[in-house]
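According to mature numbering (1 follows the signal peptide of the UniProt record, and there is no 0), the sequence shown holds residues -18 to -1, 1 to 548 in order.
We put the beta carbon where it would ideally sit given N, CA and C, even for glycine.
Bear in mind that the values here come from a model prediction, so they are computed numbers and not experimental data.
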Amino acid sequence: MMRMLVLARTRLLSLSTAAHVQQQQQQLRLVALLHARHLRIPSHPVDAAPVQPFAQRWLSSSSSSASSSASSTITAKSPKDELFLRALQTFYQREGHFSVPNDFVVPVPASADEEQQPERSNGEDDKQPQWPSDLWGMDLGRRLRLFTRGRCGEYKRSMLKSIGFPYEDWRMYVWEQQILPALHTFAQVEGHLFVRQAFEVPYNDEHWPRSTWGFKLGSHCQLLRREKERTLLPEQIAELDSLGFIWSEMERKRKIYFLPSLQRFREVFGHSDVPDKFTVPNEDERWPEISWGYRLGSIVSLERENATQELPKSFKDDLAALDFYDVERSTRVWSEQVFPSLETFVKEFGHADISEDFVVPSEQPWAEPAWQTPLGYIVANICNNGLFEREIAAHKMQLKELGFRWDPLFGKWSKRLLPALKRFREVHDHCDVPQMFQVPTNDPTWPKETWGYRLGKQVSLLRRMGRNSPDVQDELDELDAMGFSFNVFESAFVQKVLPALEVYAEQYGDCNVPQGFIVPSDDVWPKRSWGIKLGHIIRNIRSRKQHAEQVEEHRDRLAELGFQLL
């Protein structure tokens, strides 16, 4: 019993060693073939001739390599093998290659009585050999797949090699005959090489090499990605890289969306300092359609955060070529091209209204570095997408003096809120806009750009932001000049309560306002105070410390009126 186990173990070891040696020999053959053939396909789509079929070369090389074992086709040992061999030969004679699709079945005529080959939809040559009737219905693809997966003995391998089938170099044959031509064509058709797993090369499509029809390219690409670090040879990886093959989802996003969008941004604006909020505009022919709506600014921010991490060298090289790491380039573009063009525009045309389609002419007096700069498009993105934010802040006064009225210069409130608030104050003599107030539409007494503007909501938002907010700083002078108060309690006390209390003291000789007293709506009382519950407010001031800050701030005036907290 022990002796049998030892013999079995010895046999297994010899088999595994033989398999290992066979695998090494196969890899050596792959390397030799790669070096010998020097196949190179361009990395970007070109209008090149279709990949030439390898069948004749493989037929001669495989036949010569098999000459030591057989000088002619080996006689099949069984009718089944004979049919299979003849079917494979017929397929090769018809198609010019041995790449039989896995699901290929020898076609059967529409009627069993018909002794002719069914017509093919691709209009192939009538001189092609027809399928013998005894081969109809054979699942040739499945049977060949079993052979190429190594499930055959020496006899069947010799049988295949005797007809020129590249059994020993089958992986290289598939690589050259199907994978590379299919990838090359896919890149021409789709413009990239991220092949989804479900993709199969369509049949009868003359855009694709015949040897690739029905080829499950997506599944093979998944296998290539999985085997990159295990079984793929360095030469094969280099071949795929030269094609532009995409190895991961992250690489797909970078190559298909990020890099083309960043490259176009640099072409249009002259630098790669993308504002955080920049999004590629939709339906803008200046940009690749695939990038429309792409949030380039936020992705650039993420990539800058990842700059300290280890990135693929090719990706870093791509970024460097786009001046991604040159943080001063935007300032140079501004000072050498954009700002001089803005100054010249105002001098030449006498105004600062630059249309979006305006391009700097290639002539004097325009600065030569700025010739053909899309100045109008740049200005539109300054206003809408935060372009040249640092440079705008540094040249704010000069731009204002030139007459530019951009939101980044005056803040987002300058175009509608300030004009609407000024008109409200003219009508009502104060700036305390009710929360629900909306500027009437089609009312010529209001500025046209403010029609329908929800002024009450915006004033509430302005107050919540406070006078120290960066978004408010540019409007502070005008707001203060209008008497606008950011504190609604302060405004109510100064504009309503205190004037009403002054009149009450004058009318009644003291400040002891009954709790139920409401300011009458007559000319004796300030109009803004009409209808306020003055007695209720005074009680809350004394008992609940309401308006405590205002009472402290106006303590002297209240003392003059004889007001006492207790």
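- In this model, Glu431 and Lys397 are separated by some 8 Å (Cα to Cα).
- By the Cβ neighbour-count rule, Ser254 is buried, with 16 or more other Cβ atoms within 10 Å of its own.
- Straight across, the Cα-Cα distance linking Pro390 with Val282 is about 22 Å.
- When the five nearest sequence neighbours on each side are left out, the beta carbons in the same chain lying within less than 6 Å of the beta carbon of Glu182 are those of Lys198, in order along the chain.
- In this chain, the alpha helix (DSSP H) harbouring Ala463 covers 458 to 463.
- In this structure, Phe168 sits away from Arg236, with a CB-CB distance that is not shorter than 8 Å.
- Considering only Asp299, Pro242, Val315, the residue with the shortest C-alpha distance to Ala349 is Val315.
- Counting along the chain, His202 sits inside the alpha helix (DSSP H) bounded by residues 199 to 209.
- A Cβ-Cβ contact shorter than 8 Å links Ser243 with Ser273.
- For Gln477, there is no enclosing alpha helix (DSSP H), as DSSP marks it with neither H nor E.
- If you keep only unbroken alpha helix (DSSP H) runs of at least 4 residues inside the region 245 to 317, you get 278 to 287, 295 to 303, 311 to 315.
- Counting only residues of its own chain and dropping the five nearest sequence neighbours on each side, Leu547 has a CB closer than 8 Å to the CB of Ile523, Arg524, Val533.
- The beta carbons of Phe147 and Phe66 sit about 11 Å from each other, so the pair does not count as a contact at 8 Å.
- For Val409, the enclosing alpha helix (DSSP H) begins and ends at 399 to 410.
- In the three-state DSSP reduction, Phe392 falls in the helix class (H, G or I).
- Counted as a single uninterrupted DSSP element, the alpha helix (DSSP H) harbouring Tyr155 occupies residues 152 to 156.
- Residues Gly123, Gly196 of the same chain have their beta carbon placed closer than 6 Å to that of Pro83, with the five preceding and five following residues left out of the count.
- Contact fails between the region 422 to 440 and the region 480 to 499, because fewer than three Cβ pairs, one in each stretch, are under 8 Å apart.
- Met379: member of the alpha helix (DSSP H) spanning 378 to 384, first to last residue.
- At a Cβ-Cβ threshold of 8 Å, Gln420 and Gly434 count as neighbours.
- In the structure shown, Val87 adopts coil according to DSSP, grouped into three states.
- By alpha-carbon distance to Glu338, the top candidate from Phe406, Lys404, Ile238, Gly358 is Gly358.
- Out of Ala180, Trp190, Lys143, Phe247, the CA that lies nearest to the CA of Val171 is found in Trp190.
- Gly332 and Leu324 have their C-alpha atoms some 11 Å from each other.
- Residue range 61 to 77 is occupied by the alpha helix (DSSP H) that includes Arg76.
- In the structure shown, Ile514 falls within a coil segment according to DSSP collapsed to helix, strand and coil.
- For Val328, the enclosing alpha helix (DSSP H) covers residues 321 to 331.
- In the three-state reduction of the DSSP assignment, Ala530 falls in the helix class, which pools H, G and I.
- Within its own chain, the residues whose Cβ lies closer than 8 Å to the Cβ of Val470, once the five positions on either side in sequence are excluded, are Asp414, Arg445, listed in chain order.
- With contacts defined by Cβ atoms closer than 8 Å, Val441 and Leu403 form a contacting pair.
- When the Cα atoms are used, Gly438 and Leu399 turn out to be separated by approximately 10 Å.
- With a threshold of 16 other beta carbon atoms within 10 Å, Glu271 falls short and is exposed.
- At the C-beta level, Gly517 and Gly544 stay beyond 8 Å of one another.
- Taking a C-beta distance under 8 Å as the contact criterion, Val87 and Gly119 qualify as a contact pair.
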